[in-house]
Amino acid sequence: MAPSRGPLPLARNLHVTLDGHKGPVNVARYAKGSAKYILTGGQDRTVRLWNASLGTEIKVFNAHGYEVLSISVAHDNAKFASSGGDRSIFVWDVTSGTTTRRLPGHMGKIHVVEFNEDASVLASGSFDSTVRLWDLRAQSRAPIQILEEAKDAIQAIHIDSTTITTGSVDGYVRAYDLRKGELRSDYIGHPVTAVVPTQDSQTLLVTSLDSHIRLIDTTNGKMLNSFTGHTNSSYRCRACFGHSEATVVCGDENGMVWAWDLLDAKLLQPNPPPKVHSKVITWTEHHPSDAGEMITSSADGTCKVWRHPT
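Following the UniProt record's numbering, the numbering of the sequence shown begins with 1 at its first residue and continues without gaps.
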């Protein structure tokens with residue numbers, strides 16, 4: 001793509017609506033790679049697997065006794081982890097549809113789970129203000145490490161080979177450098193609901209409850225850009241990068257999906273965008289490899305697949 005043409009327009013044509021959940025859909029995650037499969041987790045305690053192209057439900061995963069708040073898909077798509085109000089993490093085998101292990105230990109609901117790159121370690125963040133790290137190759141069900149620096153609920157985690165980044169309701173983004181054993185804390189000043197790094201891990205997209213999304217330099221914590229226009233002050237919404245990280249995309253509490261140019265933070269048209277969900281948009285995720293597809297999930301009970309007109 002020639003730089004002069006600017007970012008691609010957002011995929012705004014509704015392809016299919018996935019409406020199998022009863023009640024709010026809290027999270028929607030794409031399978032890894034080029035496959036068009038989606039996992040959704042809802043207030044109805046189920047995780048559902050969908051074919052995004054056909055809009056058909058493939059499988060329902062039932063084991064949670066409380067709402068599902070987070071899903072993380074392993075690199076090979078063979079397993080995924082889920083968490084929520086149970087205070088336990090569930091690790092699932094996709095093919096059999098059964099849980100292969102449950103990891104107890106948190107004292108409150110678990111807002112977020114994330115695998116590392118090879119799915120050997122799982123990180124979980126909870127209402128109890130701790131992050132726990134679990135070695136999935138070990139027989140032990142005890143965490144290998146507990147991070148206790150946060151003063152309020154953990155809402156977001158990203159884990160890569162050298163760093164664990166967390167976002168908390170206490171208004172901090174914390175980056176733990178695993179090689180050096182160092183912690184860097186950046187004070188955002190408002191509850192942090194999502195942290196999404198760029199692929200080169202040089203910058204971080206931080207969503208917070210002051211209707212701001214910030215692009216932060218991970219080396220020094222400096223703010224590079226701020227994206228505004230959307231409404232996000234009460235609920236966990238998740239901003240993400242659009243295709244090839246040229247845009248920033250976020251659903252808001254009014255059911256609108258906003259998009260900005262990453263470089264100059266200008267709102268992309270239409271401004272304001274149309275209302276596409278009847279309630280708050282809880283999750284927004286762009287397809288990992290397809291330039292023309294993304295998903296949104298909402299408290300209105302649906303997950304929607306959006307595409308460019310072909």
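Idealized CB from N, CA, C, for every residue including glycine.
From what residue to what residue does the beta strand (DSSP E) around residue i run?
| i | result |
| --- | --- |
| residue 183 | 182 to 187 |
| residue 286 | 281 to 286 |
| residue 212 | 212 to 217 |
| residue 261 | 257 to 261 |
| residue 123 | 121 to 126 |
| residue 157 | 154 to 159 |
| residue 194 | 192 to 197 |
| residue 37 | 37 to 42 |
| residue 48 | 46 to 51 |
| residue 225 | 223 to 227 |
| residue 294 | 293 to 298 |
| residue 113 | 110 to 115 |
| residue 21 | Run containing residue 21: none; DSSP gives neither H nor E here. |
Under 9 Å between the Cβ atoms of residue i and residue j?
| i | j | result |
| --- | --- | --- |
| residue 190 | residue 210 | yes |
| residue 141 | residue 106 | no |
| residue 228 | residue 156 | no |
| residue 302 | residue 284 | no |
| residue 310 | residue 299 | no |
| residue 25 | residue 70 | no |
| residue 243 | residue 200 | no |
| residue 173 | residue 188 | yes |
| residue 316 | residue 7 | With the chain covering only 1 through 310, there is no way to say anything about residue 316. |
| residue 219 | residue 195 | no |
| residue 124 | residue 103 | yes |
I'd like the list of long-range same chain contacts for residue i, defined as Cβ closer than 8 Å, with 5 residues on each side in sequence excluded.
| i | result |
| --- | --- |
| residue 135 | 120, 121, 144 |
| residue 76 | 32, 119 |
| residue 255 | 275, 276, 277, 278, 279, 280, 281, 298, 300 |
| residue 138 | 144 |
Beta-carbon within less than 6 Å of residue i's beta-carbon, same chain only, minus the 5 sequence neighbours each way: which residues are those?
| i | result |
| --- | --- |
| residue 36 | 52, 53 |
| residue 44 | 21, 22, 23 |
| residue 148 | 130 |
| residue 305 | 15, 16, 52, 295 |
| residue 224 | 215, 217 |
| residue 27 | 41, 70, 71, 283 |
| residue 34 | 289 |
| residue 3 | Unreliable positioning characterises residue 3 in this predicted model, as indicated by a pLDDT of 44, which lies under 50. A coordinate reading is not provided. |
| residue 11 | 292, 293, 294, 306, 307, 308 |
Could you check how far apart the C-beta atoms of residue i and residue j are, in whole angstroms? I think they sit under 8 Å.
| i | j | result |
| --- | --- | --- |
| residue 154 | residue 212 | Their Cβ separation, rounded to whole angstroms, is 20 Å, which puts residue 154 and residue 212 out of contact at 8 Å. |
| residue 308 | residue 13 | 7 Å |
| residue 61 | residue 97 | 6 Å |
| residue 253 | residue 237 | 7 Å |
| residue 29 | residue 18 | Not confirmed; about 13 Å, so no contact. |
| residue 94 | residue 78 | 6 Å |
Excluding sequence positions up to five away, which residues of its chain have a Cβ less than 7 Å from the Cβ of residue i?
| i | result |
| --- | --- |
| residue 221 | 184, 186 |
| residue 260 | 227, 247, 248, 266, 267, 268 |
| residue 170 | 150, 151, 152 |
| residue 74 | 80, 115, 119 |
| residue 176 | 147, 163, 164, 183 |
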